[in-house]
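A.B. asks: Submitted below is the structure of interest, expressed as structure tokens.
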Ligand code: AMP
Ligand code: MG
């Protein structure tokens with residue numbers, strides 16, 4: 027008879043996983059390749075940005091006091107004594123009382139000037155410019171160090187490198203950046219019934235879905251996936267696949283964790299001395315879910331139904347990968363939403379229902395995306411959130427608030 031440990035809550039399972047992880051070490055990579063990687067060290071600015079006072083507009087560098095009283099009907103006339111282009115130096119150029127210097131966006135402001143008039147508020151002819159409005163000091167004028175001062179911490183260790191962050195690094199002339207290494211992850215699909223895409227289907231076979239959904243999720247979180255192929259339902263073949271896969275930092279298998287005659291995964295954990303930390307979670311979908319550890323390698327035996335595979339990945343594997351990669355934000359955001367239908371469920375397990383939230387009049391509403399059977403991937407592919415119905419709740423009425431977990435949200439990938 028197969029003996030089982032008691033099931034753990036989702037939160038306890040997450041804590042058990044996170045407590046077993048030491049983040050990977052650093053590596054230097056090109057800033058061009060650093061998108062979606064996690065920063066290993068704080069970035070401290072060693073220069074000012076902008077490096078000198080510069081213009082925020084195309085127009086004329088002036089002395090603000092010279093424009094007092096200027097209007098459309100009675101413009102002020104200033105003598106144009108020169109021009110500064112973006113990328114040029116303003117050395118030797120000076121604005122003195124009664125004069126202006128033509129200036130382009132991003133060009134250094136010449137000495138003497140304390141404001142820039144937009145070209146739209148001027149008209150130039152015969153060496154003079156008419157100014158049609160008053161201005162004040164530092165209008166359209168960016169001061170040196172306004173964006174970043176020397177010594178500022180501009181990015182913190184643990185942050186994910188977004189496109190804007192990479193732009194920041196480029197502005198600081200960082201050709202390379204120190205990031206956490208990427209975890210290598212082997213994916214094993216178990217099951218005699220599986221045929222990989224492109225393979226000829228035998229009677230009774232179904233397509234291997236999980237290798238692809240997992241591969242994509244791993245790419246999304248900048249892990250390095252390797253597909254180990256299908257382990258047929260024999261103890262030896264499945265064990266052999268696990269043994270080889272243990273070269274990776276993380277092993278993920280799908281299927282073979284239920285109570286069936288050919289569900290070998292748990293026995294294989296034991297036979298390979300992978301210490302089982304939990305084997306069942308009090309959640310639906312995804313109840314049978316094994317997590318173990320061997321020599322700092324993390325091993326996840328996820329359930330086989332495609333939706334259970336994905337929801338278990340989101341709750342358990344994803345935070346593990348992010349901790350391995352040193353990320354500071356590990357969890358998907360949760361928020362309250364008004365339920366637009368009625369939900370009924372059995373007492374005893376947290377339910378994660380596939381939902382779609384929308385925002386109307388600044389309020390968030392959510393409804394389910396169709397069949398909640400764990401084999402129905404369509405309602406997962408149409409979902410942008412999981413509706414979390416707690417263990418002890420059996421009914422939520424339409425119009426009541428529910429907690430939703432945002433699963434496709436850029437803040438945390
Ligand atoms: P198991 O726990 O191995 O009995 O798998 C549970 C269910 O998930 C069965 O109906 C399997 O056919 C299905 N399943 C397992 N692995 C996959 C996979 N890689 N792709 C699609 N369905 C799967
Ligand atoms: Mg199976």
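Residue numbers (the working numbering): 27 to 439. From the three backbone atoms N, C-alpha and C, an ideal C-beta is built for every residue, glycine too. These numbers were taken from a predicted model, which means no experiment stands behind them.
Using the rule of at least 16 other Cβ atoms within 10 Å of the residue's Cβ for burial, across every protein chain shown, is residue 365 buried or exposed?
C.D. replies: buried
A.B. asks: Return yes when the C-beta of residue 400 is under 8 Å from any heavy atom of the ligand MG, and no when it is not.
C.D. replies: False, no ligand heavy atom lies under 8 Å from that Cβ.
A.B. asks: Check each candidate in 132, 101 and 140 and name the one with the smallest Cα separation from residue 120.
C.D. replies: 140
A.B. asks: According to DSSP, is residue 332 part of a helix, a strand, or is it coil?
C.D. replies: helix
A.B. asks: In three-state DSSP terms, what is residue 266?
C.D. replies: helix
A.B. asks: Does residue 322 pass the burial test, meaning 16 or more other C-beta atoms within 10 Å, or should it be called exposed?
C.D. replies: exposed
A.B. asks: Kindly indicate which residue of 370, 264, 239 and 290 has the alpha-carbon position closest to the one of residue 338.
C.D. replies: 239
A.B. asks: I'd like to confirm the pairing. Which residues does DSSP put opposite residue 360 in its beta bridges?
C.D. replies: 431
A.B. asks: Verify whether the separation of the beta carbon atoms of residue 376 and residue 35 is less than 9 Å.
C.D. replies: At a Cβ-Cβ threshold of 9 Å, residue 376 and residue 35 count as neighbours.
A.B. asks: Using the beta-carbon count (16 or more within 10 Å), is residue 167 buried or exposed?
C.D. replies: buried
A.B. asks: With distance defined between alpha-carbon atoms, name the residue in 135, 257 and 71 nearest to residue 199.
C.D. replies: 71
A.B. asks: Closer than 6 Å by C-beta to residue 380: which residues in its own chain qualify, once you throw out the five before and the five after it? Chain order, please.
C.D. replies: 395, 405, 406 and 409
A.B. asks: Of the residues 67, 124 and 165, which one's Cα is nearest the Cα of residue 153?
C.D. replies: 124
A.B. asks: Pull up the DSSP beta-bridge partners for residue 231, would you.
C.D. replies: In the DSSP assignment, residue 231 forms no beta bridge with any residue.
A.B. asks: Which value, in whole angstroms, describes the spacing of the CA atoms of residue 67 and residue 437?
C.D. replies: 20 Å
A.B. asks: Can you name the start and end residues of the alpha helix (DSSP H) that residue 406 belongs to?
C.D. replies: Counted as a single uninterrupted DSSP element, the alpha helix (DSSP H) harbouring residue 406 occupies residues 404-407.
A.B. asks: Tell me where the alpha helix (DSSP H) around residue 126 begins and ends.
C.D. replies: Counting along the chain, residue 126 falls outside any alpha helix (DSSP H), though it belongs to the beta strand (DSSP E) covering 125-129.
A.B. asks: What do you get for residue 330, buried or exposed, if any count of 16 or more other CB atoms within 10 angstroms of its CB means buried?
C.D. replies: buried
A.B. asks: Would you list the residues sitting across from residue 134 in a DSSP beta bridge?
C.D. replies: 80
A.B. asks: What's the call for residue 305, buried or exposed, on a 16-neighbour Cβ count within 10 Å?
C.D. replies: buried
A.B. asks: Taking residue 102 as the reference, give the member of 434, 157, 84 and 353 with the closest Cα.
C.D. replies: 157
A.B. asks: For a test of the three-state rule: what should DSSP assign to residue 246, helix, strand or coil?
C.D. replies: helix
A.B. asks: Going by C-alpha distance, which of 283, 325, 340 and 69 is nearest residue 175?
C.D. replies: Taking only the C-alpha atoms, the option nearest residue 175 is 69.
A.B. asks: Grouping DSSP H, G and I as helix and E and B as strand, with all else coil, what is residue 345?
C.D. replies: helix
A.B. asks: Who are the near neighbours of residue 435 in its chain, counting only those whose CB is closer than 8 Å to its CB and skipping five residues on each side?
C.D. replies: 358 and 359
A.B. asks: Check whether the Cβ of residue 68 lies closer than 8 Å to any heavy atom of the ligand MG, and answer yes or no.
C.D. replies: For the ligand MG, no non-hydrogen atom lies closer than 8 Å to the CB of residue 68.
A.B. asks: Leaving aside the five residues before and after residue 335 along the sequence, list all residues of the same chain whose C-beta is less than 6 Å from its C-beta, in chain order.
C.D. replies: 236, 280 and 328
A.B. asks: Residues around the ligand MG, please: the condition is that the C-beta lies closer than 5 Å to some non-hydrogen atom of it.
C.D. replies: With the cut-off at 5 Å, the residues found are 217, 281 and 282.
A.B. asks: Would you report the Cα separation of residue 81 and residue 155, rounded to the nearest angstrom?
C.D. replies: 18 Å
A.B. asks: Please find out if some non-hydrogen atom of the ligand AMP comes closer than 8 Å to the beta-carbon of residue 335.
C.D. replies: yes
A.B. asks: Hey, residue 76 and residue 234: beta-carbon distance below 9 Å or not?
C.D. replies: no
A.B. asks: Are residue 207 and residue 53 close, meaning C-beta to C-beta below 9 Å?
C.D. replies: Yes, the Cβ-Cβ distance between residue 207 and residue 53 is below 9 Å.
A.B. asks: Within the present structure, is the beta-carbon of residue 244 separated from the nearest heavy atom of the ligand AMP by less than 8 Å?
C.D. replies: No - the ligand AMP has no heavy atom lying nearer than 8 Å to the Cβ of residue 244.
A.B. asks: Please determine if the stretch 177-194 and the stretch 56-65 are in contact, where contact requires at least 3 C-beta pairs separated by less than 8 Å.
C.D. replies: Judged by Cβ distances under 8 Å, the stretch 177-194 makes contact with the stretch 56-65, as three or more pairs qualify.
A.B. asks: Pick out whichever of 259, 194 and 91 has its Cα sitting closest to the Cα of residue 287.
C.D. replies: 259
A.B. asks: Is it true that the CB of residue 362 sits closer than 9 Å to the CB of residue 430?
C.D. replies: yes
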